[in-house]
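Structure record follows, encoded as structure tokens.
Chains as they are written, first to last, in our numbering: chain Y, 1 to 498; chain S, 499 to 596.
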């Protein structure tokens, strides 16, 4: 039962074949069995999940009209506030904090009757590509426990691949939904910036952060997308427009006559052989399904990574100033006569991990007088150039595609001492955040040389998110008929797994 | 090639209100030499004719209607406070003794 898609689970719940309590309990059992090895969760809310499930079952029994995903369990990235439930963002500075309010995403999940199982592991404050920066220890990739599950949302992606949850919420600042999806053989979508409310999403880089759905199928991602998206007056950057018809697009999966642009600069040198092979194969399948494949060029994408590692640290150095040891979270060194400044300094020394400190310092430098124009100012100009590259490319193509990441999952510990090598993971995902457009990663198979999953990335223009679902669903169907079974059915069994 | 000395990093850490050990200052200063070289590439294409983009949406002064809406109770607002007194956040002293 736990290996079904969320959509299949929803149908079984609707027909009365299974109750939400039973379905939720089955996932809690799987978490008990495998999470000691995977470590996808930082907190499991057993009691809360079962009571949410029982409430949905009672409403269904009384004949109340329920939403499509009512009663289906979900794993929530620990960067989203949920009232009364520990929210750490993978950081010691928030250890034990229980937010007094729900994020809008959580409000929407609750409105839809989606059962929240618990909070998933992540790189501290979403800064990282491997979850190794979590203060609570790394998450392990269910395909190979010695490898990283991607990051920052590695916990959400690993929970899906280990059948601990059929749905999850992620957030994507430079690829934190899509890269974990790619390396775990799951689906992850970064909606258009402003498509899903950021209210209650603990801010890292406010002009780049975007919450979105994680799932095992394109249709499941679309159903969750519709459940969480929409205008929110509590977020001043929320887009006041109808949610793109992503479920309709995912159900139809039609690419006939669509122009698919291959971004020349996001392929080739530096991309693993098996990644390139799977990418070429996916292009052939899309062409066979009726799409026209064209090549586009985005010459400024090569500067995206450099610009990102100025913009994101700059915004984070400002956003993370709120962790000042005064109103919530950790406080260290509050002895008689200690000044507020020394308490702040000591708390932030102990509370923040290495990568967070590195980025705060880098951002402080990039924003400082005398260096502002050369660093932050120049990075903002690159952001303009990248957006212009996208605009030109979208004149020639309805969507753009590339491999999601240059490589498959690497070993835990392999890149922890080399920040630049770690940053390169996000080379193909970052441009999407810079321009605020939509991006999806879905599995395109495994690399021949290591048997690990490879992601296929689809990028769509602002508020045309439905297009990436059309292409994703079409490719998913073509791959399924080629393989005969979903990719995740071939994942090695975990000890104790059901 | 831009580099940041140990003392430069110490000054930045002070501005960012993060206490740092000497070992941490030295290793960060070494890392920044490499990182700054990599990020300085943005200057290659950031000509004077290119306008800056600070945000993906063309938004300006977003206001909400000036109406009272439910908010947190004092107890809820203080629920995560490291220390509290008389329904207020208790904080270390901000000004000197003088």
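Quick reminder that beta carbons are idealized off the backbone N, C-alpha and C, glycines included.
Subject >> Residues that residue 416/Y contacts on chain S, provided the C-beta gap is smaller than 9 Å >> reply: Per Cβ cutoff of 9 Å: no residues; residue 416/Y is ~13 Å from chain S at best.
Original post:
What residue does the beta strand (DSSP E) around residue 440/Y start on, and which one ends it?
Top reply: 438-446
Original post:
Does the segment 192-207 of chain Y touch the segment 468-478 of chain Y, meaning 3 or more C-beta pairs lie closer than 8 Å?
Top reply: no
**OP:** Measure the alpha-carbon distance for residue 455/Y versus residue 476/Y and round it to whole angstroms.
**Re:** 12 Å
Subject >> Contacting residues, own chain, Cβ-Cβ under 6 Å from residue 364/Y (five flanking each side not counted) >> reply: 317
Original post:
When DSSP labels each residue in this structure, what does residue 94/Y get in the three-state scheme?
Top reply: helix
Original post:
Are the C-beta of residue 326/Y and some C-beta of chain S separated by less than 9 Å?
Top reply: yes
Original post:
Using a Cβ cut-off of 8 Å, which residues of the segment 537-556 of chain S contact any Cβ in chain Y, in chain order?
Top reply: 537, 538, 539, 540, 541, 542, 543, 544, 545, 548, 549, 550, 551, 552, 553, 554 and 555
Original post:
In angstroms, rounded to a whole number, what distance separates the CA positions of residue 588/S and residue 96/Y?
Top reply: 19 Å
**OP:** Would you please state the rounded distance, in angstroms, between the beta carbons of residue 430/Y and residue 192/Y? I believe it to be under 8 Å.
**Re:** Not confirmed; about 16 Å, so no contact.
**OP:** Indicate whether the contact test is met: 3 or more Cβ pairs, each with one atom in the segment 149-166 of chain Y and one in the segment 129-137 of chain Y, closer than 8 Å.
**Re:** yes
**OP:** Measure the Cβ-Cβ separation of residue 189/Y and residue 368/Y and say whether it is below 9 Å.
**Re:** no
Subject >> Same chain, Cβ closer than 6 Å to residue 139/Y, neighbours up to 5 away in sequence not counted >> reply: 39, 40, 121, 131, 149, 154, 155 and 158
**OP:** Could you tell me which chain S residues have their CB closer than 8 Å to the CB of residue 100/Y, listed as they occur along the chain?
**Re:** 570, 574, 575, 577 and 578
Original post:
Alpha carbon to alpha carbon, what distance is there between residue 520/S and residue 380/Y?
Top reply: 33 Å
**OP:** Scan the segment 289-317 of chain Y for residues whose Cβ lies nearer than 7 Å to a Cβ of chain S and list them as they occur along the chain.
**Re:** 300, 303, 306, 307, 309, 310 and 317
Original post:
Using a threshold of 8 Å, is the CB atom of residue 269/Y nearer than that to any non-hydrogen atom of the ligand GTP?
Top reply: The ligand GTP is absent from the structure shown, which contains no ligand whatsoever.
Subject >> Integer-rounded CB distance, given that residue 146/Y should sit under 8 Å from residue 73/Y >> reply: In fact, because the Cβ distance is near 28 Å, the residues do not count as touching under 8 Å.
Original post:
Hey, does residue 524/S have any beta-carbon neighbour from chain Y nearer than 9 Å?
Top reply: no
Original post:
Listed in chain order, which residues of the segment 383-394 of chain Y have Cβ atoms closer than 8 Å to some Cβ of chain S?
Top reply: 383, 384, 385 and 387
Subject >> 3-residue-minimum beta strand (DSSP E) runs that sit fully inside the segment 42-124 of chain Y, ordered along the chain >> reply: 73-77 and 115-120
Original post:
Which stretch, first to last residue, makes up the alpha helix (DSSP H) that contains residue 234/Y?
Top reply: Neither: residue 234/Y is in no alpha helix (DSSP H) and is coded neither H nor E.
Original post:
So, is residue 119/Y buried or exposed, given that buried needs 16 or more other C-beta atoms within 10 angstroms?
Top reply: buried
**OP:** Classify residue 272/Y as helix, strand or coil using the three-state DSSP reduction.
**Re:** coil
Original post:
Going by the beta-carbon positions, is the gap between residue 165/Y and residue 142/Y smaller than 9 Å?
Top reply: no
Subject >> Length-filtered (4 minimum) alpha helix (DSSP H) runs lying within the segment 143-206 of chain Y >> reply: 154-161 and 178-184
Subject >> Residue from 377/Y, 386/Y and 334/Y with nearest C-alpha to residue 590/S >> reply: 334/Y
Subject >> Contact list for residue 508/S against chain Y, beta-carbon separation under 9 Å >> reply: Simply none; closest approach about 10 Å.
Original post:
Does the separation of the CB atoms of residue 548/S and residue 307/Y fall below 9 Å?
Top reply: no
Original post:
Looking only at its own chain, which residues have a Cβ that is under 6 Å from the Cβ of residue 293/Y, when we skip the five neighbours before and after it?
Top reply: 260, 283 and 287
Original post:
Using a C-beta cutoff of 9 Å, does residue 136/Y count as contacting chain S?
Top reply: no
Original post:
Nearest chain S C-beta to residue 271/Y closer than 9 Å, yes or no?
Top reply: no
Original post:
Excluding sequence positions up to five away, which residues of its chain have a Cβ less than 8 Å from the Cβ of residue 89/Y?
Top reply: 78, 79, 122, 124, 125, 126 and 202
**OP:** Flag this pair as touching only if the segment 413-427 of chain Y and the segment 172-181 of chain Y have three or more C-beta atom pairs under 8 Å; answer yes or no.
**Re:** yes
**OP:** Starting from residue 344/Y, find everything on chain S with Cβ-Cβ shorter than 7 Å and list it in chain order.
**Re:** 515
Subject >> Contact with chain S by residue 236/Y, beta-carbon distance below 9 Å >> reply: yes
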